[in-house]
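What follows is a set of notes on a single structure, which appears directly below.
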Amino acid sequence: MKVTVWNEFFEERTYPSVSSVYPDGLHTVLRQALIEHLDPGAEVRVALQEEPGHGLGPEVLDDTDVLLWWSHLKDDEVTDEVVERVRRRVLDGMGLLILHSAIGSKIAKALLGTSGAMTGWRHGDSELLWTVLPGHEIVAGVPNPVVIPSGEMYGEPLDIPAPDELVFISSYEGGEVLRSGCGWHRGRGRVFFFAPGHEEAPIYFQPEIRRILANAVRWAAPSAQPQPKSTRSGEYPKNWWVQA
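In structure tokens form, the structure reads like this:
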């Protein structure tokens, strides 16, 4: 399996409240989490927004089974060309994990067709992450609930389409709830939104969260079964499949 962790890598180098938690960038911790839990043969690379083509040229995406996307303040600076390139790869079978505030990113909007806007947010809340789909691949080995001591509340209604697979919901100190672990099928690809991951809290260091991320990568990875492709062109004759 080949995984690419994409990060805008801006807040870690701008705000002490973030750099004190992720001094080497969120992408470094995310990469370490996947290496820790995925099979030894998995390859996990990093791509950054500041790189040429945002680090997501055709050669990188064509060699990626699952892409993790963390973004926040620089979403609007991602070029439409790169967004379209990622969108096409998802439709062709690449998996995509949309992390935390990236639910409002260009690529999330392009694939989900909604704004990703939430009713409200609040820093510093504790969070209970509840499994609502027991037996799903993403919850394997994960306690129910997962306790997150401090993070960020995202409030419903959240402008996303109804998930094909709702895996987690979150509850917060103020009584709010959120659909915080949502899966969709887009073309041949799978998309998973995972809300926990506030940049000012060490959420990605939590063992349960790291396991969830690795499980989600496995779930989103394209099937090893090759997809059939027709070599025919023009109008199909009757019973064409018999001779295919």
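Quick note: the sequence shown uses the numbering used here, first residue 24, plus one each step. Using N, Cα and C, we set each Cβ at its ideal position, and we do this for glycine too.
Status (buried if at least 16 other CB within 10 Å, exposed otherwise) for residue i
i: R110; result: buried
i: P219; result: buried
i: V259; result: According to the sequence displayed, residue 259 carries Tyr and not Val. Classification for Y259: exposed.
i: A131; result: buried
i: T27; result: buried
i: H146; result: exposed
i: L96; result: exposed
i: W144; result: exposed
i: G158; result: exposed
i: N30; result: buried
i: S203; result: buried
Contact set for residue i: own chain, Cβ-Cβ below 6 Å, skip 5 residues either direction
i: S42; result: E35
i: A237; result: L57, H60 and L61
i: W153; result: P168 and I192
i: G116; result: R211, G212 and P245
Supposed close pair residue i, residue j - CB separation, criterion 8 Å
i: F215; j: L120; result: 5 Å
i: G198; j: T142; result: At roughly 13 Å, the Cβ-Cβ gap does not stay under 8 Å, so G198 and T142 are not in contact.
i: L189; j: V155; result: 6 Å
i: A243; j: F217; result: Actually they do not touch by this definition, with Cβ atoms about 11 Å apart.
CB contact flag (residue i, residue j, <7 Å)
i: S149; j: P166; result: no
i: R241; j: G164; result: no
i: S94; j: A70; result: no
i: V44; j: P225; result: yes
Cβ-based neighbour list, residue i, same chain, cut-off 7 Å, excluding 5 preceding and 5 following
i: K129; result: D98, V101 and V106
i: L151; result: P168, V170, S193 and S194
i: V200; result: E179, I192, S193 and S194
i: T137; result: D182, I183 and P184
i: G174; result: D148, E150, P219, H221, A224 and I226
i: G76; result: V105
i: R54; result: V28, V67 and V69
Cβ-based neighbour list, residue i, same chain, cut-off 8 Å, excluding 5 preceding and 5 following
i: A140; result: G127, L181 and D182
i: L134; result: R110, V113, L119, W207, R209 and V214
i: A52; result: Rather than Ala, the amino acid found at residue 52 in this sequence is Val. These residues qualify, in order along the chain: Y45, Y227 and F228.
| said: Below 8 Å, how does it come out for the region 209-216 and the region 224-232: are there three or more Cβ pairs, yes or no? | reply: no
| request: Assess, as a yes-or-no matter, whether the region 183-198 is touched by the region 75-90 under the definition of 3 or more beta carbon pairs within less than 8 Å. | output: no
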